[in-house]
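Residue numbers (this note's numbering): 442 to 556.
Here a beta-carbon is modelled for each residue, glycine too, at the ideal position from N, C-alpha and C.
All values derive from a computational prediction rather than experimental measurement.
To start, the structure under review is shown below, and the notes come after it.
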Amino acid sequence: LEGLADLEVASVMAAADVLCAPSWSEGFGFAALEAMASGAPVVVSNRGSLPEVVGEAGVIVEPTAEAIADALESVVRDRCLAERLTRAGLDRSQMFTWEATVAGWADVLEEAASR
Numbered sequence: 442l443e444g445l446a447d448l449e450v451a452s453v454m455a456a457a458d459v460l461c462a463p464s465w466s467e468g469f470g471f472a473a474l475e476a477m478a479s480g481a482p483v484v485v486s487n488r489g490s491l492p493e494v495v496g497e498a499g500v501i502v503e504p505t506a507e508a509i510a511d512a513l514e515s516v517v518r519d520r521c522l523a524e525r526l527t528r529a530g531l532d533r534s535q536m537f538t539w540e541a542t543v544a545g546w547a548d549v550l551e552e553a554a555s556r
């Protein structure tokens, strides 16, 4: 989605049935986070930072063709699962807002200053 404005990315992500991030190595997992914040369920590999970013708000699998295909099929066919993942993803994405990040760092700095 390179080259699209932020609002366009959110619109495209929100229209997706599912986002799949089958990475072998992931520095942070922005695509998964953007998808969750946009209301798309996610399927990610259990590599890099993806499990930590997604938590229980997505389907986390081994990065094999079979595991990925099975997970994608489950999310696409099971609307209840997709809706649960969508709600959980929207909630989880709030942990990564600028406000939440600043508040977290403020807590760390206050703790360090009190020692």
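Residue pairing of leucine 460 in beta bridges, as defined by DSSP: Val483. Around valine 502, the same chain offers Val484, Ser486, Asn487, Ala508, Ile509 and Ala512 as residues with beta carbons nearer than 7 Å, after the five sequence neighbours per side are excluded. Boundaries for alanine 498: no alpha helix (DSSP H) harbours it, and the DSSP string shows neither H nor E there. Relative to the Cα of serine 534, the nearest Cα in the group Ser452, Phe471 and Ser466 belongs to Phe471. For leucine 513, the enclosing alpha helix (DSSP H) covers residues 506-518.
Taking 8 Å as the upper bound for CB-CB distance, alanine 523 and valine 516 are in contact here, some 5 Å apart. Counting the other Cβ atoms within 10 Å of the Cβ of alanine 455 gives fewer than 16, which makes it exposed.
With a beta-carbon spacing of about 4 Å, alanine 481 and alanine 457 fall inside the 8 Å limit used to define contacts. With 16 or more other Cβ atoms inside 10 Å of its own Cβ, glycine 499 counts as buried.
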